[in-house]
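K.L.:
Pasting a structure below so you can have a look.
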Amino acid sequence: GEDVEQSLFLSVREGDSSVINCTYTDSSSTYLYWYKQEPGAGLQLLTYIFSNMDMKQDQRLTVLLNKKDKHLSLRIADTQTGDSAIYFCAVGSGDKLIFGTGTRLQVFP
Amino acid sequence: DAGVIQSPRHEVTEMGQEVTLRCKPISGHDYLFWYRQTMMRGLELLIYFNNNVPIDDSGMPEDRFSAKMPNASFSTLKIQPSEPRDSAVYFCASHSSGGADTQYFGPGTRLTVL
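First to last, the sequence lines map onto chains A and B.
Under the working numbering, think of the first position of the first sequence as 1, with each following residue one higher.
Under the working numbering, think of the first position of the second sequence as 1001, with each following residue one higher.
Below you can see the structure in the form of structure tokens.
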């Protein structure tokens, strides 16, 4: 079945860029997603990219998709303490989404 | 739109008791998903519905778990009898077919079974 993998932790200094990576196995996904989960809250959609795109930029967020390598990344520019959260990569699989394990981003001053 | 609504937000119960979690999806959404999140296992899909019909319940841990969707605006996840290992955060999510398969999540129910 579909497998989505992410590193578990990332620690960055406030003001630096953060890059969260994700690899997946199913290349048939039409859309690929990034969700953010803050403590005690549900998952919130951050952004998504259509599979025929290589890049999508939305303010401080940049999503890069390398279909050949089945690699998805999320770059957060000028990372702030409010960006501290768990970030989930997800890929579509039929009616469902397959989520990665989540990357816990810690931003320190 | 109020988003996906879940109740209760927190539930503490004793082992052996019945627990019922409730979800109201976003109006007009035809898919509804139940997930469970734990530190050990991450986010697991338990079951999902399309047009109120269960499509895939392969993620339901065992017969103690059951889910229903009697109409387009309401779903329940029931655990009977509950066990301490069922302690987790349970999320409901919904989406509308015909576009990006973006799922919208509720705030979750934190279940503690003592």
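We put the CB at the ideal spot given by N, CA and C, even for glycine.
1) Going by CA-CA distance only, name the one from Ser1087/B, Tyr1104/B, Gln1103/B that's closest to Arg1110/B.
2) Note down the Cα distance separating Asp1063/B from Ser51/A, rounded to an integer number of angstroms.
3) Judging by CA-CA distance, which residue of Thr25/A, Asp78/A, Ala41/A is the nearest neighbour of Gln59/A?
4) Quickly, what does DSSP pair Ile1055/B with across the bridge? List them, please.
5) Would you say Ala1100/B lies against chain A (beta-carbon separation less than 8 Å)?
6) Could you name the residues of chain B that Thr101/A contacts, counting a contact when the two beta carbons are closer than 9 Å?
7) Please check if any C-beta of chain B sits within less than 8 Å of the C-beta of Asp16/A.
8) Does any CB atom of chain B fall closer than 8 Å to the CB of Lys96/A?
9) Please list the residues of the region 41-53 of chain A that have a C-beta atom closer than 9 Å to any C-beta atom in chain B, keeping them in chain order.
10) Got a sec: is the Cβ-Cβ distance from Gly92/A to anything in chain C below 8 Å?
11) Counting contacts by CB-CB distance shorter than 8 Å, is Phe1065/B in contact with chain A?
12) Does Gly82/A come out as helix, strand or coil in the three-state DSSP assignment?
13) Can you check which of these residues, Gly102/A, Val107/A, Asp83/A, is closest to Val91/A by C-alpha distance?
14) If the cut is a Cβ gap below 9 Å, which residues of chain B does Tyr33/A touch?
15) Please return the same chain residues whose Cβ sits closer than 6 Å to the Cβ of Tyr149/A, not counting the five positions on each side in sequence.
16) Could you say which of Ile1026/B, Ala1100/B, Val1053/B lies nearest to Ser1073/B if we only look at CA atoms?
17) Hey, could you find the ends of the beta strand (DSSP E) Arg13/A is sitting in?
18) Whether or not the region 1008-1020 of chain B and the region 1081-1095 of chain B are in contact is what I'm after, with contact meaning three or more pairs of Cβ atoms, one per stretch, closer than 8 Å; do they touch?
P.N.:
According to the structure shown:
1) Mapped onto the second sequence, residue 1110/B falls at position 110. Per the Cα distances, Ser1087/B.
2) For the purposes of this step, residue 1063/B is identified with residue 63 of the second sequence, where counting begins at 1. For the purposes of this step, residue 51/A is identified with residue 51 of the first sequence, where counting begins at 1. The alpha-carbon atoms of Asp1063/B and Ser51/A are separated by roughly 38 Å.
3) Residue mapping note: residue 59/A aligns to position 59 of the first sequence, counting from 1. Looking at the Cα atoms, Asp78/A is the closest of the given residues.
4) The residue given as residue 1055/B occupies position 55 in the second sequence. Its beta-bridge partners do not exist; DSSP assigns none.
5) Translated into the one-based positions of the second sequence, residue 1100/B becomes position 100. Cβ-Cβ to chain A under 8 Å: yes for Ala1100/B.
6) For the purposes of this step, residue 101/A is taken as the residue at position 101 of the first sequence. Simply Gly1042, Leu1043.
7) Within the first sequence, the letter at position 16 stands for residue 16/A. Answer no: the Cβ-Cβ gap between Asp16/A and chain B never drops below 8 Å.
8) Within the first sequence, numbered from 1, the residue matching residue 96/A stands at position 96. Closer than 8 Å: yes.
9) Ala41, Gly42, Leu43, Gln44, Leu45, Tyr48, Phe50
10) The chain labelled as chain C is not found among the protein chains of the depicted structure, namely A and B.
11) Here the question's residue 1065/B lines up with position 65 in the second sequence. For Phe1065/B, the answer is no, since every Cβ of chain A falls outside 8 Å of its Cβ.
12) As a position in the first sequence, residue 82/A is number 82, starting the count at 1. Looking at Gly82/A - three-state DSSP - the assignment turns out to be helix.
13) Along the first sequence, one-based indexing puts residue 91/A at 91. Checking every option, the nearest Cα to that of Val91/A belongs to Gly102/A.
14) In the first sequence, residue 33/A corresponds to position 33, counting from 1. Those within 9 Å of Tyr33/A in chain B are Ala1100, Asp1101, Thr1102, Gln1103.
15) Nothing about residue 149/A can be reported from this structure: the residues present for chain A run from 1 to 109 only.
16) Numbered from its first residue, the second sequence carries residue 1073/B at position 73. Nearest of Ile1026/B, Ala1100/B, Val1053/B to Ser1073/B, Cα basis: Ile1026/B.
17) Here residue 13/A corresponds to residue number 13 of the first sequence, with the count starting at 1. Start and end: 9-13.
18) yes
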